[in-house]
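One structure below.
There are 4 protein chains.
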Amino acid sequence: MSYQSIKEECLVANLALPKTGLVDLTFGNVSVADPERRVFAIKPSGVAYDKLTAADMVILDYEGNLVEGRLRPSSDTATHRCLFLNFPGIRAVVHTHSRSAVAFAQAGLDLPCLGTTHCDYFHGPVPVTRTLTPDEVAGDYEWETGRVIVERFSGMNPLDIPAVLVKNHGPFAWGPSAAKAVETALALEIVADMALKTLALNPSVMPAPGHLLDKHFFRKHGTGAYYGQPA
Amino acid sequence: MSYQSIKEECLVANLALPKTGLVDLTFGNVSVADPERRVFAIKPSGVAYDKLTAADMVILDYEGNLVEGRLRPSSDTATHRCLFLNFPGIRAVVHTHSRSAVAFAQAGLDLPCLGTTHCDYFHGPVPVTRTLTPDEVAGDYEWETGRVIVERFSGMNPLDIPAVLVKNHGPFAWGPSAAKAVETALALEIVADMALKTLALNPSVMPAPGHLLDKHFFRKHGTGAYYGQPA
Amino acid sequence: MSYQSIKEECLVANLALPKTGLVDLTFGNVSVADPERRVFAIKPSGVAYDKLTAADMVILDYEGNLVEGRLRPSSDTATHRCLFLNFPGIRAVVHTHSRSAVAFAQAGLDLPCLGTTHCDYFHGPVPVTRTLTPDEVAGDYEWETGRVIVERFSGMNPLDIPAVLVKNHGPFAWGPSAAKAVETALALEIVADMALKTLALNPSVMPAPGHLLDKHFFRKHGTGAYYGQPA
Amino acid sequence: MSYQSIKEECLVANLALPKTGLVDLTFGNVSVADPERRVFAIKPSGVAYDKLTAADMVILDYEGNLVEGRLRPSSDTATHRCLFLNFPGIRAVVHTHSRSAVAFAQAGLDLPCLGTTHCDYFHGPVPVTRTLTPDEVAGDYEWETGRVIVERFSGMNPLDIPAVLVKNHGPFAWGPSAAKAVETALALEIVADMALKTLALNPSVMPAPGHLLDKHFFRKHGTGAYYGQPA
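Chains as they are written, first to last, in our numbering: chain P, 8 to 238; chain F, 8 to 238; chain B, 8 to 238; chain R, 8 to 238.
Below you can see the structure in the form of C-alpha cells.
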C-alpha cells in the first residue's frame, strides 16, 4: 500500500477520537501530512469510525488534487489543506465538535488562560475567529474557513498556540504528529470545561499571571524543557 | 412473524436508546411505520430494554386499532400515531427524556441555532410547544400532545426541523428510518448541551448567521448535498 | 440463613447503588424491612460495595436492638428506623449523596416540579428539611434526622412524595421494595439534574401546571393507572 | 527490589488515578514516603499510566537527592518533598488536575463547606493559596509551590484539612497512606462538583452550621469516631 505510513497514522488517530469522548457520531476528522512529498491523508466523509480501515484514508496533494482513494474525502478537507500550506512545521490537523470548546466558539469568546493546565499546552488564550462573510460562505467555504484561521494567527506563532476556535463552529488543533494533535484537542476540551466551571464561580476572574504562563509552557516546550523523560 | 421487518427495525432502535445514554430507566420509546400498509410498530409500555424482543413490539394501524401483539403499547402511542398521520414522509418517531433537551422544554424556550452542529441537523431553532389546556389534558391527553406538536409546525416543514420540545415534558424526533430518527434525537441532545454551555458563557449570544445555517444544512440535505459518500 | 429474603433483597439493592452512578466511594446505604416481624436488614457501616455479601447485612428490630449480624450497622441506621416506624406502607429506604440532589439539599431549596419526568415519580416538590438544632445534633443525631424528616411530612403523604432532601446533607428515598426505592432515588437524581439545567436557562421558571402533574402521577399510580403492563 | 513496599504502594495509587476519573492524560502523580528512612517513592515524569511498573518509581531522600531509579522523577517532586518535610504525620501526597477542584483553584476561591459530604473529610473549607511572585516562579518553582502551601496552613492542622488548592493550578491531597490520600483527592473532587452546583442554585448560600461540621468530622475521625467497623 502506498503512503501506508501516513494512512496508518491517520487511521489510529481517527479511531482515538470517539475513544477519548471528543467526538459524537461522525463529528470529527484527522489528517496527517507528508510535508516532503506535499501530500496528506484524511478521513473519508461521513464514514462511521467503527468501519474505518487504513485503506479508506484518502490521499490528496497540497494543491487539493486527489492522489489516491476510492472514497470522497472529509467535507472539511480544504480547511486542513489551508493549514498545511500556511503553518509550516505542522504535520497533523484534528477537527472536532467537542462540547466545551464549541461553547466558546458559539459564544464568540477566546478561551482565556486561567491556569497551569492551559499553560502546559497553549502559550496564551486560544483565539476565536471572526464571522465568515456571506461571500466567503457562498464561495469556497471550507477553504475560506482555513483563511480566517490563518488571518487570526497573523503575528502569532501557531506552534505556540496549536489550536483555534472557529466562530459558530468548533475547534481545530494541530501538531507535529497525529497523536500529539489528538492530545492537544483533548487538552483543549479539558481546559475549556475547566474554564466554563471557573467562569461560573467567578465571572470576572483574571487570567493566570504571565510569569506562571511562561514557566509552565517552557517547562514543557523548547530548549529549557524539563517535563517528561529525555528524548 | 408478520410485520417482521418493522418489528426488527423498531427493536434495534429501542435498544440503541440506553446505549447512547439518551434514556434513563424506561424513559423513551421508538415507533416505526409501514406507510403503505398504514400500520406501525411501537415499544410495549414500561418494559425494561434488556428484556425486549422483536416479538414484543406492538402493531397498530393508523386509526389506533390493535393489529397484533400480546402487550400493552407505549402510553405515548397516540402521540406517535398523530405524527404519522400529519407529517407525511416520516417513517419513525423517537421520544426520550434526554436531560439537556428536557431543560429547554421545562424552561419553555425554543432551542436556538448557535452553530454548525445544530445547522447540520435542523434548519432553524427547534421549537417548544404551548402548554396543554386542562381540557386537553383531561381528554385524550397523548393524542392532544400530538395535536399541539402539529399546531406548532403550522407553516413549517417537519422534514427541515425533524424534532420538537413538548413543553414541561421533553423531545420527540422523527425521520425516514428508525436509525436516522435515533441519530437526530442524539444530535438534539448534543446541541442542547452545547447551547446550555454557550448561554452560560454569553446569555445574550446571537444565533448563527443565516448564511452559515443555510450552508451547513444544505451541505448535508437536498440535491446540492456533498457531505458523506454518494448513495 | 435466617431473614434470608430481606438480606438478599438488601444486598442486591446496595450493589445497585454504585452501578447506577448514584453513589461514590461508600456514600450510600439501603435497608429493607419485614414489617410483620418488625425487623429490617441494613448495610454494615463503611464496607466497600465490592466486598459485601448477604451474610454481612445486619438485622435490627424496630426498637433498634441488634437481632443478628457480626458487623456494625450503617451509621445512618436510626434514620432508617425512624422512617419505618413513622411511614406505614414503606418497606425499603435508600440514602445516597447523589450530586444534583445534594446540591438542592445544600442550597436549602425544595426540588421544584418542572416537568413530567418529575410528575411520574413525585406528586409535587421534593421537600427540604429544616436545619437541625445544636441540641438535636448533640443528642441522638441520626434519630433526630429521621424526626425532622417526619416533621417535614406533616400533612403530606409519604407514599405520594417518596423522597426528601435533608438540609446540608442529602436525599433519602423509600418505597414498597428495595428495587423500587433505588429506582426512585435514581429518578430523584435525574430530575434534580434536569432542574439544575432548567433553572440555569430560566431562573424564574414556573412549576409544571397542576393538571399536568395530576395526569402524569395518576397515569402511573392508583386505580386509574394505565402505564406499564397489567399486573 | 529495594524499597519495594513503597514502590508498590506508589504504583497501585498512581494506577488508581485514571480509573477514578480524577486524572486526564498524565495530569497527576502520587508519592509515598517511608518517614523513618526519610525517603519517598514518586511517579516518573510524563510516563503514561498504562506503561508504569513498580520498578519505574523513583526513590529520593528528604533532601531531594536521587537514591534509586532510572527515570526522571515527576516535575512536581519538590512540592511533594516540601510537604513531607513540613507536615509530620503524612505518608502520601496526591496531585491531580481534577476539573471541579481546579475550577475553585482558578477562581481563587476557598472551597466552602456546604454539607456533610465535605464535613466527613475536611474540618472546614479547603483553602486556596496566594499567587506565587515572579521571583518565586523564577527560582525553585516547585519547591516554592510547597512553601506557599505550608504558609497557607500556618495555624491550621493539615491532618484536619488534608488538601489544598494551589491558585491557578490545582489540588494536592495527603494522608496516612496512598490509598487514603487518593480517596481524599476523590472526595475533594466530588464535594467541589457539589459546591459548583449548589452555588449555581444559590450564590449566597451559607456554610453548613459548625455543630453539623463537628458532628460529621468527628463521627469519622478521632477517639469518638463510630463510622465504619472497629479496627
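Each residue gets a CB set at the ideal place from its N, CA and C atoms; glycine is no exception.
Query: Where does ARG226(F) land, buried or exposed, given buried means 16+ other C-beta within 10 angstroms?; Result: buried
Query: Rounded to whole angstroms, how far is the Cβ of ASN135(P) from the Cβ of PHE160(P), which I believe are closer than 8 angstroms?; Result: Before going further, note that residue 135(P) is Val rather than Asn in the sequence given. That pair is no contact at about 12 angstroms.
Query: Indicate whether at least one CB of chain R lies closer than 8 angstroms to the CB of GLY53(B).; Result: yes
Query: Quick test of your reading: THR123(R) and ASN175(B), contact by CB under 8 angstroms. State the CB separation rounded to the nearest angstrom.; Result: 6 angstroms
Query: Is it right to say GLU190(F) is buried, meaning 16 or more other beta carbons lie within 10 angstroms of its own, or is it exposed?; Result: buried
Query: Taking the beta carbon of TYR128(R) as the centre, do at least 16 other beta carbons fall within 10 Å, making it buried, or is it exposed?; Result: buried
Query: Quick check on ALA238(R): buried or exposed, where buried means 16 or more other Cβ atoms within 10 Å of its Cβ?; Result: exposed
Query: What first and last residue would you give for the alpha helix (DSSP H) that runs through GLU143(P)?; Result: 141–145
Query: With distances taken Cα to Cα, identify the nearest neighbour of ILE66(F) among LEU121(F), ASP57(F), THR103(F) and PRO42(F).; Result: PRO42(F)
Query: Please report the straight-line C-alpha distance between ALA199(P) and VAL133(P), rounded to a whole angstrom.; Result: 10 angstroms
Query: Going by other Cβ atoms of all chains shown within 10 Å of its Cβ, with 16 needed for buried, is LYS58(F) buried or exposed?; Result: exposed
Query: Can you pull out the residues from the stretch 212–235 of chain B whose beta carbon lies closer than 7 angstroms to at least one beta carbon of chain F?; Result: VAL212, ALA215, PRO216, HIS218, LEU219, LYS222, ARG226, TYR233, TYR234 and GLY235
Query: Expressed to the nearest angstrom, what Euclidean distance is found between the alpha-carbon atoms of LYS14(P) and PRO216(B)?; Result: 58 angstroms
Query: Determine, for PRO178(B), whether the minimum Cβ-Cβ distance to residues of chain R falls below 8 angstroms.; Result: no
Query: With 16 other CB atoms within 10 Å as the buried threshold, where does LYS26(R) fall?; Result: exposed
Query: Please identify, using Cβ separations under 9 angstroms, the residues of the stretch 16–29 of chain P that lie next to chain F, in order along the chain.; Result: none
Query: Identify the contact partners of GLU70(B) in chain F, using a Cβ-Cβ distance below 9 angstroms as the criterion.; Result: Here the premise fails: no neighbours, minimum Cβ distance about 36 angstroms.
Query: Can you tell which of ILE197(F), THR33(F), ALA114(F) and LEU193(F) has its C-alpha closest to the C-alpha of ASP83(F)?; Result: THR33(F)
Query: Please name the residue or residues paired with GLY35(R) in a DSSP beta bridge.; Result: THR103(R)
Query: Can the beta-carbon of SER184(P) be found less than 8 angstroms from the beta-carbon of ARG98(P)?; Result: yes
Query: How many Å lie between GLY182(R) and SER38(R) at the Cα?; Result: 11 angstroms
Query: Where does LEU67(B) fall in DSSP's three states?; Result: strand
Query: Rounded to the nearest angstrom, what separates PRO80(R) and ALA186(R) at their Cα positions?; Result: 20 angstroms
Query: What would DSSP say about ALA23(F), mapped onto helix, strand or coil?; Result: helix
Query: What's the call for GLN236(F), buried or exposed, on a 16-neighbour Cβ count within 10 Å?; Result: exposed
Query: Checking contacts by CB at 8 angstroms: is LEU90(B) closer than that to chain R?; Result: no
Query: In chain P, what lies closer than 8 angstroms to ALA238(F) by C-beta?; Result: Correct list: empty, because the minimum Cβ distance to chain P is about 11 angstroms.
Query: If the criterion is Cβ atoms closer than 8 angstroms, does the pair LEU90(B) and LEU116(F) meet it?; Result: no
Query: Run through DSSP, which three-state label would ALA215(P) get?; Result: coil
Query: Taking 8 angstroms as the threshold (beta carbon to beta carbon), is ALA207(F) in contact with chain B?; Result: yes
Query: If you draw a straight line from the alpha carbon of ALA40(P) to that of LYS50(P), how long is it in whole angstroms?; Result: 12 angstroms
Query: For PRO178(R), is the classification buried or exposed, using 16 other Cβ atoms within 10 angstroms of its Cβ as the cut-off for buried?; Result: buried
Query: Return the CA-CA distance between ALA188(B) and GLU16(R), expressed in angstroms with no decimal places.; Result: 39 angstroms
Query: Closer than 7 angstroms: is that where the CB of CYS89(F) sits relative to any heavy atom of the ligand HEM?; Result: With respect to the ligand HEM, the structure offers nothing, as it holds no ligand at all.
Query: Could you tell me the distance, in whole angstroms, from the CA atom of VAL100(P) to the CA atom of ARG137(R)?; Result: 38 angstroms
Query: Quickly, what does DSSP pair GLU75(B) with across the bridge? List them, please.; Result: ILE66(B)
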